[in-house]
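For reference, the structure is listed below as structure tokens.
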Amino acid sequence: MVLKVFFPSCCSSADSGILIGRWISEQNSAVILAVVHFPFIPVQVKQYLGEVQRVTKVSVSVLGSWSNSKQEKEDSLSEFLEDLGTIFCHEPWIQISKEGDSKFWSCSTLQKNSKNPQEEEIILVYYDQRKVMLSHLHPPLDTAGQRAEDASKLSAIFDTVARSRVLFMTDRYDEGPIKLTHWQSDGVEASIIVELMKEASVPACMLLTLLLSLLSGICRSRVLKFWPLSFLWSKLSTCEQLGHRLQHLQVISSTKKAQSQNHLMRKANIFVSLLIDVALGILLISWLYRKNRIGHLADTLIPVADHVAEELQDLLQWLMGAPAGLKMNRALDQVLGRFFLYHIHLWISYIHLLSPFIEMILWYVGLSACLGLTVALCILSDIIALLTFHIYCFYVYGARLYCLKIYGLSSLWRLFRGKKWNVLRQRVDSCSYDLDQLFIGTLLFTILLFLLPTTALYYLVFTLLRLLVVIVQGLIRLLVDLIDSLPLYSLILRLCRSYRLAAGVKFRVLEQQDGKPLRLLMQINPLSYGGVVQTYRLPTYSCYPRDSWASLCKKLFLGELIYPWKHKGEKQN
195 MVLKVFFPSC
205 CSSADSGILI
215 GRWISEQNSA
225 VILAVVHFPF
235 IPVQVKQYLG
245 EVQRVTKVSV
255 SVLGSWSNSK
265 QEKEDSLSEF
275 LEDLGTIFCH
285 EPWIQISKEG
295 DSKFWSCSTL
305 QKNSKNPQEE
315 EIILVYYDQR
325 KVMLSHLHPP
335 LDTAGQRAED
345 ASKLSAIFDT
355 VARSRVLFMT
365 DRYDEGPIKL
375 THWQSDGVEA
385 SIIVELMKEA
395 SVPACMLLTL
405 LLSLLSGICR
415 SRVLKFWPLS
425 FLWSKLSTCE
435 QLGHRLQHLQ
445 VISSTKKAQS
455 QNHLMRKANI
465 FVSLLIDVAL
475 GILLISWLYR
485 KNRIGHLADT
495 LIPVADHVAE
505 ELQDLLQWLM
515 GAPAGLKMNR
525 ALDQVLGRFF
535 LYHIHLWISY
545 IHLLSPFIEM
555 ILWYVGLSAC
565 LGLTVALCIL
575 SDIIALLTFH
585 IYCFYVYGAR
595 LYCLKIYGLS
605 SLWRLFRGKK
615 WNVLRQRVDS
625 CSYDLDQLFI
635 GTLLFTILLF
645 LLPTTALYYL
655 VFTLLRLLVV
665 IVQGLIRLLV
675 DLIDSLPLYS
685 LILRLCRSYR
695 LAAGVKFRVL
705 EQQDGKPLRL
715 LMQINPLSYG
725 GVVQTYRLPT
735 YSCYPRDSWA
745 SLCKKLFLGE
755 LIYPWKHKGE
765 KQN
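Quick note on this note's numbering: the sequence shown kicks off at 195 and runs consecutively.
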């Protein structure tokens, strides 16, 4: 029978003493948690282990003895260690010794109460107690008592170490009758700054939660559900981003304890994302308000808008002639060209009317970067949408006119073939038409067919312009999503402390010799960087295009409107 002994590597240099840990009879395994040094009083050791067992709900007991003799082993010490087995009464009694500078250890078992003692093959497995404790490969502590026991899983070892946290809170500086060696025996791993921040975060989170609840109540009020405000809230990406950040603040300011590792990592990722976002926004503010860059930007904006308007006028003049040598319907071409030229004239007048106030508007808009770089980028996207509103109007006019002609031609083509669309059954049925209906339908079909190239050309040109604007907005949205959803904390943790994001364990053979126990090293397998992004990615928005390419091409052909992006909702971790 094989006996597996999990020994913490931090105890390999400990002084001689007794081994305390948990015996897992289903697996015939012993999990060593700490070493108690000489001298000690057995009654006090039993009382201490009883208190630990009452708090941790782990059956901690004395499993054996540990001997670390730098000189030759004394007979008196070996006899004393064997006699301890009769005091603490554990079967089997494990004896581990490290002799001098030898790299091989001796590990044996004593079975004094057994009538037929059997020789057991021993496997000595070293594990890093700190990494096992912080790897979170164990089940959640609050559900550990409710889960079904499965002796075949290695998680029992991780669960034992994780639930023995109280045992590791005693270091060698404590004034007590028992001296232990474990991963925190040289001092409890903690930071004064972190502890002070934990104490200060409770009232801060309560205050922030109160403010956010008031703000959420205002946002859910009926005033914002009326038409103008509800329309702006749904269309402006700045409002969507503010609502997105408001949800993030509510998550990280919650006073409830994280229920799982994924929930904890999600809150940490959101917190780091907010810090980096605000830091980048402050850097942007410091750059904008130096050397009067706001004034230079305002002085550049009007000439750029005039230049875009002039280019559009030249494009319309080209379309009103013979574009690329194409023969257009002159009457319709002139009507559409003058209609769009009038819109450009109105747009130029609107821009020049706002020109005295643009610098002041940009000055106040620049202050919004203190809320984060993503808010500033969303404002930039909305400004681009407002400055190119005339292009959007051209696109909508051209798309609607083209769509009407496409649907009109399809309906008249069914009439020409003796068919009609059944609205109730949602299918095409046969239908008989009289001569007058067929004559009028044929005339209308001919007129629409010959006017289609002129409409299609205008629609094609303005669709390309609209797609150019949408691509620019999509790139800005991609940058916003990158800042919002990239799990920066998880990636930093994977780079610095990879064992905190564990995907499993692996065993490496250290030494193997006849007559000696097999020595293995248990190592933590970290998650890959792709797995970190996939597992701990934050909820985000979908960027353009949200449809497949086939669906997008179908929309463009039928003249349906396209939009840059749409909110998809949160991803469940």
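For each residue, glycine too, the CB sits at the ideal point set by N, CA and C.
Since the structure is predicted, the reported quantities are computational estimates derived from the model, not experimental observations.
Between the segment 529-545 and the segment 502-509, the count of C-beta pairs closer than 8 Å reaches three or more; the two stretches touch. Per DSSP, Leu714 is one residue of the beta strand (DSSP E) stretching across Leu712 to Pro720.
Listed in chain order, the non-local C-beta contacts of Leu571 below 7 Å within the same chain comprise Ile670, Leu673 and Val674, local neighbours out to five positions each way being set aside. Between the alpha carbons of Leu374 and Thr250 lies a distance of about 17 Å. Shown here, Glu285 sits in coil according to DSSP, grouped into three states, outside any helix or strand. Inclusion of Val663 and Ile578 in the CB contact set at 8 Å is warranted, their separation being smaller than that value. Only residues of its own chain outside the window of five on either side were considered, and among them Ser203 have a CB closer than 7 Å to the CB of Asp322, listed in chain order. Trp607 counts as exposed, since fewer than 16 other C-beta atoms from the protein chains shown sit within 10 angstroms of its C-beta. In chain order, Val355 place their CB closer than 6 Å to the CB of Met327, counting only its own chain and leaving out the 5 sequence neighbours on each side. Secondary structure note for Arg439: it is in no beta strand (DSSP E), and the uninterrupted alpha helix (DSSP H) holding it is Ser431 to Ile446. Proximity to Val246 across Ile214, Asn616, Ala492 and Gln221 peaks at Ile214, based on C-alpha coordinates. Beta bridge pairing from DSSP links Asp623 with Lys614. Annotated three-state conformation of Glu705 is strand, per DSSP. In this structure Leu682 does not touch Phe701 by the C-beta definition: roughly 33 Å separates them, more than the 8 Å allowed. Classified as exposed, Tyr558 has fewer than 16 neighbouring CB atoms from the shown chains inside 10 Å of its CB. In this model, Lys198 and Asn463 are separated by some 39 Å (Cα to Cα). Here the alpha carbons of Met522 and Gly592 stand approximately 16 Å from one another. Trp217 carries a strand assignment under DSSP once its states are collapsed to helix, strand and coil. Within the same chain, and ignoring the five residues on either side of Leu595 in sequence, the residues whose Cβ sits closer than 6 Å to its Cβ are Thr649. Fewer than three pairs of CB atoms, one per stretch, sit closer than 8 Å, so the segment 431-438 makes no contact with the segment 642-658.
Judged by pairs of C-beta atoms under 8 Å, the segment 481-491 does not touch the segment 510-524, as fewer than three such pairs exist. The closest CA to that of Leu685, considering only Pro720, Val666, Gly709 and Asn616, is found on Pro720. Looking at the DSSP output, Val230 sits in a beta bridge with Ile212 and Leu374.
Exclusion of the five residues before and after Pro286 leaves Thr303 and Gln305 as the residues of its chain whose Cβ lies within less than 6 Å of its Cβ. In this structure, the straight-line span from the alpha carbon of Ser562 to that of Val569 is close to 7 Å. The three-state reading of DSSP puts Leu659 in helix, counting H, G and I together.
Around the CB of Ala208, 16 or more other CB atoms lie within 10 Å, so the residue is classed as buried. Non-local C-beta neighbours of Trp260 in its own chain, meaning closer than 8 Å and more than five positions away in sequence, comprise Cys205, Ala208, Ser210, Gly211, Ile212, Leu213, Val229, Ile290 and Ser291, ordered along the chain.
Counting only runs of at least 4 residues, the segment 545-594 fully encloses the following alpha helix (DSSP H) elements, listed from N- to C-terminal order: 552-560 and 567-581.
Membership of Tyr321 in the beta strand (DSSP E) is indicated by the continuous run Glu315 to Tyr321. Under the 10 Å beta carbon count, Ile585 is surrounded by 16 or more other beta carbons and is classified as buried.
Cys597 places its beta carbon 8 Å or farther from that of Ile476. Per DSSP, Phe200 is not a residue of any alpha helix (DSSP H); the beta strand (DSSP E) it occupies stretches across Val196 to Pro202.
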